[in-house]
Each structure stands twice: as C-alpha cells, then as structure tokens.
Amino acid sequence: MGKDQLQIADKRPVAWAPQPGPQHQLVTCPLPEIFYGGARGGGKTDGVLGKYAIKALRYGKGFNAIFFRHELPMLDDAIERSKEIYSKLGAEYIEYKKTWTFPGGGRLRFRSLERVQDAEKYQGQNISDACVEEAGNYPDPSPIDRLNGVLRSVYGVPTQLILTGNPGGAGNIWINQRYVVPHKAGMRVLTRKLPNGELHKYIFIPSKIQNNRKLLENDPGYINRLYLVGSEQLVEAWLDGNFDVFEGQSFTWNYDRHVIKPQSIPPGVPMFMTFDWGFGAPFSIGWWWVDSDGRGYRFHEWYGAQESNSKWVGLRLTDDDIAMEILRIEREDLRLTGRTIQRYAGPDCFNKKPDYQGGGQGDSTFTTFLKYGVHLRPGDANRKLKIRQMHQRLKIPTDGSLPMLVVYDHCKHFIRTVPALQFDSTSPEDIDTKMEDHIYDEACHFCMCRPMAAIPQSTPYRDDLNIPSVPVYHHIFGEDQPTPKEQYINLDQ
199 MGKDQLQIAD
209 KRPVAWAPQP
219 GPQHQLVTCP
229 LPEIFYGGAR
239 GGGKTDGVLG
249 KYAIKALRYG
259 KGFNAIFFRH
269 ELPMLDDAIE
279 RSKEIYSKLG
289 AEYIEYKKTW
299 TFPGGGRLRF
309 RSLERVQDAE
319 KYQGQNISDA
329 CVEEAGNYPD
339 PSPIDRLNGV
349 LRSVYGVPTQ
359 LILTGNPGGA
369 GNIWINQRYV
379 VPHKAGMRVL
389 TRKLPNGELH
399 KYIFIPSKIQ
409 NNRKLLENDP
419 GYINRLYLVG
429 SEQLVEAWLD
439 GNFDVFEGQS
449 FTWNYDRHVI
459 KPQSIPPGVP
469 MFMTFDWGFG
479 APFSIGWWWV
489 DSDGRGYRFH
499 EWYGAQESNS
509 KWVGLRLTDD
519 DIAMEILRIE
529 REDLRLTGRT
539 IQRYAGPDCF
549 NKKPDYQGGG
559 QGDSTFTTFL
569 KYGVHLRPGD
579 ANRKLKIRQM
589 HQRLKIPTDG
599 SLPMLVVYDH
609 CKHFIRTVPA
619 LQFDSTSPED
629 IDTKMEDHIY
639 DEACHFCMCR
649 PMAAIPQSTP
659 YRDDLNIPSV
669 PVYHHIFGED
679 QPTPKEQYIN
689 LDQ
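Each residue of the sequence shown is one higher than the one before, counting from 199 in the working numbering.
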C-alpha cells in the first residue's frame, strides 16, 4: 500500500488514492507554492482534497488548512466531494462552521476570499496550508498573496499555498505571467528572489482532462461537450489548457510563434522607435527593425513603470530625463550610434504641457526631445485603423513562416500586456481602454507607419523601389489624419 493512499482499515479498500500523473505529483510536491491547473476536468479539486486528507492523518493537530473560493456558494461541490472522502476516514464535519476535524486533531475549513481584508482575518492563527480554487476569478493576486502572511506552523508542518485554475477569467494575465510563461511545459522549479536575497521556490503542475482517467471512464462524452462551449479560443483554452488564448482576446497570439530569441540586427535595415507618453500612468518606448519582407522585430523596450500594490504606475519622469535616457540606451546598451532611427509618438507629445504654474505654458514633449536631438514624428492614433493593422501583423501564417510582427524574448512587458488585451464590450472594433494598453498604443505607431497595405505580406520589400519610408496618410487610408481633440496634457495619463 503506497504511503500516499488513504487506507480505512487493514482489510477494507483504499478510501482515496491519487491518479498517476499530475495528481500524484501534486500530492508528493514539497514546494511552498504550487499552481495546479490547465484544462477543464483535470481532477484539480480531487487532488487537493486528497492531499489534505493525507497531511491531516500524517501531521495530526499540526495540520490546519483553509480551502478558499472567491464566494462561499462556489464551494458547494468541493464540500460534497470532501464528504465522500473524509467521512470514510472517521473525520467529523460541522455544517454551520463548514469545518472538518480529522482523527488526531487536524482541521480543514471552507471559506470565501474576496478581498485582502478576508485574508487578514486569519492573522495570528497557525495556518499550515491554504488552497485557493479557481484563482482565475481574481483580477489581481493581492488577496491570494496576503495569505503568505498567515501561513506558519509551530508544529513543524511544511506550509504550502496551492492555487488551482483554468485559462480565462479576470486573472488570466497574472497567472500566465507568474506560473506559465517562465516554463510553459511546467514541472520545473521556478524562483522569485526576495528582498533579503533568499529565493522563494514554486512550481506549475499542468493538468489536462486526459490525466483524469476516472472522469473519462464515467463520462466519456465530456470531451465532446467541451467542443460545444463557444468560440474557438474558449474551446482551445478549456480543452488544451492554453493560457495564451481566452474568450474575448483581442489578438491572435502564440508564444512559440511570436516570441523569438534575440538576433543581431542586419546592417542597413530600417529602424524605428515608438513612444507612448505617460507621467502618472506608465510610458512605453519600443525599438524596431524591419527585414526585407516588411516583418517588424521588436528588439528592445523601456516600460516607464513600477509595480505598486500589484498595479503598474508611472515613474513620473520629466521629458528631459526620458530623452537623455533614450540616448544613453541607444549609445551604451544597444550600440546604435550612427544608425538612422525614425521615431514616432502620439498626438499628445505635440501639445503643450503644464509647467509648475499650471495651465499650458510648458514646452511640448516634441520640443523638449528636440533639444537633445531626438526628433519625433506624429504617429497616427486612429483607433479603428490601428487595431486592424495590429491584427494583420500578429496573424499567424499557415505556411509555418513567422508572423509579420515578432518580439525578442526579453521584451517582457509587451509579452505580458498585448496578448492579454480584450475587446471593448461596447465597441467591438476597439480594445478595452481600462486595461493596461500603453504598450499596445505605442506599438501601434510602428504598425501605422509601416501599414500592411503599403507592404503586403506576399510581396517582398525591396529597397531599390525608392518607396518613401513613411507613406502619406491620405494616400494609404483615403482620409485626412485626425487632429488631437485636447489642447493640453493631463499629467495623470
């Protein structure tokens, strides 16, 4: 009898045992933080409940766990499943407390976790284990992260935080970036460096429906029904556990096709810098080069932001500071001295800014940058046109070639934010501007200054054709370029 099986008595059958694969890996994993997720029906809830029963019987009263969901009614099925397992072990359930007490004194409680304040209710308790089921319901990880402050054990029980989840939902962005992107195949120990120099270790254990043999045996039609749930993106997310796709996603994205290893920039290729201004909100700068097929390579970026309370806020740098740092990056980091770089920025960079007296007396970003030899050209901000150009650029070719926009793998913030953008629910031809769209707006300046209409994918770009590098806006789109509506800049943008 394996040590990870729950045996009721010597001559009675096993009450619960992990299925081979991800469930067994979950039960045996000793790391302090686990994300156990992927496709629908992967046996996540069962795996956590089984692991907790094993720990309760192993550590006795030292085991003190809480099983969380965003709202308490969401726990109904988990509670019913726990009754099927734990009642066979002699554990006692108190309904009004939503609490199990195991032989030996171990406890498991079912609770809701909506806000940071909910996590703080457990300060001072010896919580050895916590599980947050369906972590994708949380738009930011703050309530979950706060649980690290309540995990402790005076009995020497190895503390552990387990998250489960599927692709999609409000938390898809941070879950994907934290657990999946560092190693998409999972099953590799990941680390985060702490301020004291120590390393926090954690892991992503992927689980798919094919790993849940019991479900497929009892309900062989489950996979077929997943094909009927809705959009192609939703089916791929739920069936394959792909965190790069989700319902409502604005752009086609495949990390393996859109992200490449850095390569040297060929001599003589067109080069661009694009800029989205921000002060209280982040600013974004991207550097690009273009190959003979018209394909754009984002080879470097500077995201003017810092993380504060799980949100990205602006650095509040002056235009002088930004201009000087741009020149330093190009001279020292990128070694682009002598290379011609065309630079594009949004209409707000050409408006006057408030000075310390208020109003619009200050120089524009354009004027300030020009003092340092950084010449900006006005980019096109037409929202309907630029989303179409971005769609064209990110479209994945069926012939196996690269998309027309690819990103070096160290451009982490583009990779983090652009694939996560969703359509505006009230304007299906635009993205949701309440999301983190600063890099998107910046990158669209590149798309609009090299529109696919001017350089079709099927026609290789030739330098000897003497085509202007920046086609006139009217010639491409048949309309005049829009003028900025606001005369002055809001420094909280």
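All residues carry an ideal CB built from backbone N, CA and C; glycine is no exception.
Classify Cys329 as helix, strand or coil using the three-state DSSP reduction.
Sequence index remark: in the sequence shown, residue 329 carries index 131 (1-based). Of the three classes helix, strand and coil, the one that applies to Cys329 here is strand, per DSSP.
Just reading off the beta strand (DSSP E) that Met469 is part of, what are its end residues?
Against the sequence shown, residue 469 aligns to sequence position 271. Met469 -> beta strand (DSSP E) spans Met469 to Asp474.
Measure the Cβ-Cβ separation of His222 and Pro216 and say whether it is below 8 Å.
As a first step, residue 222 is located in the sequence shown; it is residue number 24 there, counting from the start. As a first step, residue 216 is located in the sequence shown; it is residue number 18 there, counting from the start. For the pair His222 and Pro216, the CB atoms are nearer than the 8 Å cut-off.
Looking only at its chain, what residues have a beta carbon closer than 6 Å to the beta carbon of Phe567, apart from the 5 residues adjacent to it on each side?
Working through the sequence shown from its first residue, we reach residue 567 at position 369. Excluding sequence neighbours, Phe567 sits near Ala521 and Leu574.
Which residues in the same chain have their Cβ closer than 7 Å to the Cβ of Lys281, if we skip the five residues on either side of it in sequence?
Position 83 of the sequence shown holds residue 281. The residues Tyr291, in chain order, have a CB closer than 7 Å to that of Lys281 in the same chain once the five nearest residues on each side in sequence are set aside.
With H, G and I counted as helix, E and B as strand and the rest as coil, what does DSSP make of Ala362?
Reading the sequence shown from its first residue, position 164 is the one you call residue 362. First, the amino acid is wrong: residue 362 is Thr here, not Ala. It is a strand residue.
Report the CB separation of Ile483 from Glu634 in whole angstroms; it is logged as a contact under 8 Å.
If you number the sequence shown from 1, residue 483 lands on position 285. If you number the sequence shown from 1, residue 634 lands on position 436. The distance from the Cβ of Ile483 to that of Glu634 is about 16 Å, inconsistent with a contact at the 8 Å cut-off.
Once the 5 residues before and after Arg411 are set aside, which same chain residues still bring their CB inside 7 Å of it?
As a first step, residue 411 is located in the sequence shown; it is residue number 213 there, counting from the start. For Arg411, where only same-chain residues beyond five positions count, the Cβ hits under 7 Å are Gln217.
Per DSSP, what kind of secondary structure is Ile629 in: helix, strand or coil?
Within the sequence shown, the letter at position 431 stands for residue 629. Ile629: strand per DSSP, three-state reduction.
In the DSSP assignment, find the alpha helix (DSSP H) that holds Ile613 and state where it starts and stops.
Working through the sequence shown from its first residue, we reach residue 613 at position 415. Element bounds for Ile613: Lys610 to Thr615.
Bridge partners of Trp487, per DSSP?
As a working mapping, residue 487 is identified with position 289 in the sequence shown. Answer by DSSP bridge pairing, in chain order: Met469 and Tyr495.
Mapping DSSP to helix, strand and coil, what is Val443?
Translated into positions along the sequence shown, residue 443 becomes position 245. Looking at Val443 - three-state DSSP - the assignment turns out to be coil, as it is neither helix nor strand.
Do Tyr234 and Lys242 have their beta-carbon atoms positioned less than 8 Å apart in this structure?
Reading the sequence shown from its first residue, position 44 is the one you call residue 242. Reading the sequence shown from its first residue, position 36 is the one you call residue 234. Their beta carbons are under 8 Å apart, which means Lys242 touches Tyr234 by this criterion.
Do Cys609 and Arg496 count as a contact pair if the criterion is CB distance below 8 Å?
To locate residue 496, count along the sequence shown from 1; it is residue 298. To locate residue 609, count along the sequence shown from 1; it is residue 411. Contact: yes.
Which residue wins for smallest C-alpha separation from Arg386, given the options Pro649, Ile539, Lys509 and Ile401?
For this step, residue 386 is matched to residue 188 along the sequence shown. Nearest C-alpha to Arg386: Ile401.
Within 10 Å of its beta-carbon, does Thr657 have 16 or more other beta-carbons around it, so buried, or fewer, so exposed?
Mapped onto the sequence shown, residue 657 falls at position 459. Below a pLDDT of 50, predicted positions are generally treated as unreliable, and Thr657, at 38, falls in that range; the measurement from the model is reported next regardless. Exposed, because fewer than 16 other Cβ atoms sit within 10 Å of the Cβ of Thr657.
CB-CB under 8 Å to Pro460, same chain, minus the five flanking residues each way: which ones, in chain order?
Position 262 of the sequence shown, counted from the first residue, corresponds to residue 460. Closer than 8 Å at the Cβ level, and outside the excluded window around Pro460, lie Phe497, Tyr606, Asp607 and His608.
Which residues bound the beta strand (DSSP E) around His398?
Residue numbering aside, residue 398 sits at position 200 when the sequence shown is read from its first letter. Looking at the DSSP string, the run of the beta strand (DSSP E) that includes His398 is Leu397 to Ser405.
Using three-state DSSP, classify Ser656 as helix, strand or coil.
Here residue 656 is taken as the residue at index 458 of the sequence shown, counted from 1. At Ser656, the pLDDT of 40 sits below 50, so the modelled position is not reliable; the number obtained from the coordinates is stated separately. Secondary structure at Ser656: coil, using DSSP grouped into helix, strand and coil.
I'd like the ranges of any beta strand (DSSP E) spanning at least 3 consecutive residues and lying wholly in the segment 211 to 241.
212 to 214 and 231 to 236
Less than 8 Å between C-beta atoms, sequence neighbours within five positions excluded: which residues of the same chain meet that for Tyr638?
On the sequence shown, residue 638 is found 440 positions in, with the first residue counted as 1. These residues qualify, in order along the chain: Met588, Thr615, Val616, Leu619 and Ile629.
Is Glu278 near Ser310, with beta carbons less than 8 Å apart?
Translated into the one-based positions of the sequence shown, residue 278 becomes position 80. Translated into the one-based positions of the sequence shown, residue 310 becomes position 112. No, the pair does not count as a contact, with Cβ atoms beyond the cut-off.
Kindly indicate which residue of Thr297, Glu396 and Ile403 has the alpha-carbon position closest to the one of Lys382.
Numbered from 1 along the sequence shown, position 184 holds the residue referred to as residue 382. Check the Cα spacing between Lys382 and each of Thr297, Glu396 and Ile403: the tightest is with Ile403.
Just how far apart, CA to CA, sit Pro601 and Asp489?
Numbered from 1 along the sequence shown, position 403 holds the residue referred to as residue 601. Numbered from 1 along the sequence shown, position 291 holds the residue referred to as residue 489. One alpha carbon belongs to Pro601, the other to Asp489, and they sit about 12 Å apart.
Hey, Gly644 and Glu499 are a contact pair by Cβ (cut 8 Å); roughly how many whole angstroms apart?
The residue labelled residue 644 in the question sits at position 446 within the sequence shown. The residue labelled residue 499 in the question sits at position 301 within the sequence shown. Checking the displayed sequence, the identity of residue 644 turns out to be Phe instead of Gly. Not quite, the Cβ-Cβ distance comes to about 12 Å (not below 8 Å), so this is no contact.
Would you decide whether Ile585 is buried or exposed? Buried here means 16 or more other CB atoms lie within 10 Å of its CB.
Against the sequence shown, residue 585 aligns to sequence position 387. If you draw a 10 Å sphere on the C-beta of Ile585, you find 16 or more other C-beta atoms in it, and that means buried.
When the Cα of Cys547 is compared with those of Val572, Gly260 and Asp531, which residue comes out closest?
Mapped onto the sequence shown, residue 547 falls at position 349. It is Val572.
Could you pull the DSSP bridge partners for Gly536 from this structure?
On the sequence shown, residue 536 is found 338 positions in, with the first residue counted as 1. BP columns for Gly536 are empty, so no partner.
Would you report the Cα separation of Leu306 and Tyr453, rounded to the nearest angstrom?
Against the sequence shown, residue 306 aligns to sequence position 108. Against the sequence shown, residue 453 aligns to sequence position 255. Computed Cα separation, rounded: 39 Å.
I believe Phe304 touches Lys259 by the beta-carbon criterion, under 8 Å. Please report the beta-carbon distance rounded to the nearest angstrom.
The residue given as residue 304 occupies position 106 in the sequence shown. The residue given as residue 259 occupies position 61 in the sequence shown. This sequence places Gly at residue 304; Phe is not what is there. That belief holds up - the Cβ atoms of Gly304 and Lys259 are roughly 6 Å apart, short of 8 Å.
Mapping the DSSP letters down to three states, classify Lys593 as helix, strand or coil.
Taking the sequence shown and counting its residues from 1, the one referred to as residue 593 is at position 395. Lys593: coil per DSSP, three-state reduction.
Note down the Cα distance separating Cys329 from Ala276, rounded to an integer number of angstroms.
In the sequence shown, the residue the question calls residue 329 occupies position 131. In the sequence shown, the residue the question calls residue 276 occupies position 78. So the two alpha carbons sit approximately 12 Å from each other.
Can Ala317 and Arg344 be called in contact, C-beta distance under 8 Å?
Within the sequence shown, numbered from 1, the residue matching residue 317 stands at position 119. Within the sequence shown, numbered from 1, the residue matching residue 344 stands at position 146. The answer is yes: Cβ separation under 8 Å.
Please determine, among Tyr425, Thr631 and Arg313, the residue with the shortest C-alpha to C-alpha distance to Ala237.
Indexing the sequence shown from 1 puts residue 237 at position 39. Looking at the Cα atoms, Tyr425 is the closest of the given residues.
Suppose you measure from the CA of Gly544 to the CA of Glu627; what does that come to, to the nearest Å?
Taking the sequence shown and counting its residues from 1, the one referred to as residue 544 is at position 346. Taking the sequence shown and counting its residues from 1, the one referred to as residue 627 is at position 429. Taking the straight line joining both Cα atoms gives about 20 Å.
My understanding is that Thr535 touches Arg529, with C-beta atoms under 8 Å, so please give their C-beta distance in whole angstroms.
Working through the sequence shown from its first residue, we reach residue 535 at position 337. Working through the sequence shown from its first residue, we reach residue 529 at position 331. Sure, about 6 Å apart at Cβ, within 8 Å.
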